[in-house]
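In the UniProt record's numbering, the protein residues as written are 1 to 284.
If you want it as structure tokens, here you go:
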């Protein structure tokens with residue numbers, strides 16, 4: 001439980017804290033590294049193991065880890081309602097679309113704003129294929145992806161806030177006239193009583209996995225700030241990530257015609273999540 005508490009302190013940070021920290025790292029960290037260059041190291045190589053097997057596949061790792069956590073946790077608080085579970089999982093489809101179209105836009109933008117170091121080639125593909133360098137405005141895909149993945153992990157992990165209270169609700173449901181479970185159909189309660197104790201260990205395990213992934217993404221973001229891209233390229237990539245996170249989780253998902261927010265199930269668990277989220281933020 002101590003380990004789980006530490007993981008919560010790492011992942012469940014209020015956006016009002018995390019977003020300014022990211023912006024500060026991108027802006028002031030980049031400026032500091034320009035004036036006081038950091039010596040090259042293994043992590044400055046593009047072929048380092050973390051970059052090749054994790055950062056370049058960052059969305060895949062995030063999608064699998066968060067997807068498993070979301071599937072397990074939503075099965076519990078949605079009481080097995082498959083339509084509602086699919087609605088929650090659709091947030092990951094939205095995230096995948098954001099990742100795909102944004103990163104491809106970065107490539108197209110660099111192609112249209114650049115030129116080849118050899119005048120013989122007019123397109124980026126031909127230039128790079130023939131061993132020359134394409135000189136364009138390269139928005140940092142790493143800064144975008146690492147920040148976007150971490151903000152998504154932070155949002156989806158909120159489902160674990162107040163998780164233990166679900167067990168209390170189940171135990172007290174028959175004796176509490178104001179129980180949040182009083183309006184839940186019996187067949188859904190059967191699923192909840194059965195799934196909560198069985199799936200909780202796996203939900204916690206995936207939460208720990210998300211925490212480790214979040215730490216790795218933050219470390220690799222610092223490496224990106226220290227060794228790669230210009231300050232403007234990194235800052236623009238980070239700002240785009242923050243903007244897209246805000247438009248989805250803080251605007252669209254608040255509306256009725258959306259996949260909804262994490263923790264919104266068949267009973268008032270979503271209210272508990274938000275209260276616990278605010279409480280945990282005030283203590284951090």
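Each residue gets a CB set at the ideal place from its N, CA and C atoms; glycine is no exception.
Quick caveat: nothing in here was measured; it's all calculated off a predicted structure.
Reduced DSSP category for residue i - H, G, I as helix; E, B as strand; rest coil
i           : result
residue 116 : strand
residue 106 : helix
residue 48  : coil
residue 268 : coil
residue 206 : helix
residue 284 : Since pLDDT at residue 284 reaches only 45, below the 50 mark, its modelled position is unreliable, and no value is offered.
residue 214 : helix
residue 54  : coil
residue 27  : helix
residue 258 : coil
residue 80  : coil
residue 133 : coil
residue 253 : helix
residue 228 : coil
Range of the contiguous alpha helix (DSSP H) that encloses residue i
i           : result
residue 124 : 124-129
residue 60  : 58-77
residue 22  : 15-24
residue 41  : Element bounds for residue 41: n/a, residue is neither H nor E.
residue 30  : 30-35
residue 238 : 231-245
residue 4   : 2-11
Which listed residue (the options) has its alpha carbon closest to that of residue i
i           : options            : result
residue 267 : 79, 239, 215, 91   : 79
residue 16  : 154, 97, 107       : 154
residue 10  : 213, 170, 120      : 213
residue 77  : 176, 165, 36       : 165
residue 65  : 205, 248, 231, 234 : 205
residue 238 : 143, 91, 125, 90   : 143
residue 211 : 162, 149, 172      : 149
residue 114 : 20, 48, 137        : 137
residue 230 : 3, 12, 33, 2       : 33
residue 217 : 60, 249, 176       : 60
residue 221 : 24, 8, 245, 195    : 24
residue 200 : 14, 22, 70, 265    : 70
residue 248 : 97, 47, 8          : 97
residue 203 : 75, 168, 35, 6     : 75
residue 293 : 49, 168, 92, 209   : Since the first residue shown for the chain is 1 and the last is 284, residue 293 is missing from the structure and cannot be characterised.
Nearest-angstrom beta carbon gap, residue j and residue i [assumed within contact, 8 Å]
i           : j           : result
residue 207 : residue 151 : Contact flag wrong, Cβ pair sits at about 16 Å.
residue 235 : residue 145 : Not really, about 15 Å apart at Cβ, beyond 8 Å.
residue 259 : residue 73  : With a Cβ gap of about 15 Å, residue 259 and residue 73 do not count as contacting.
residue 170 : residue 241 : No, residue 170 and residue 241 are not in contact; Cβ-Cβ is about 38 Å, not under 8 Å.
residue 298 : residue 140 : There is simply no residue 298 to check, as the chain begins at 1 and stops at 284 in what is shown.
residue 226 : residue 85  : With a Cβ gap of about 41 Å, residue 226 and residue 85 do not count as contacting.
residue 51  : residue 42  : With 8 Å as the limit, residue 51 and residue 42 do not qualify as a contact, their Cβ atoms being about 10 Å apart.
Point to revise | Sequence ranges, beta strand (DSSP E) only - wholly within the stretch 135-189, length at least 3 | key: none
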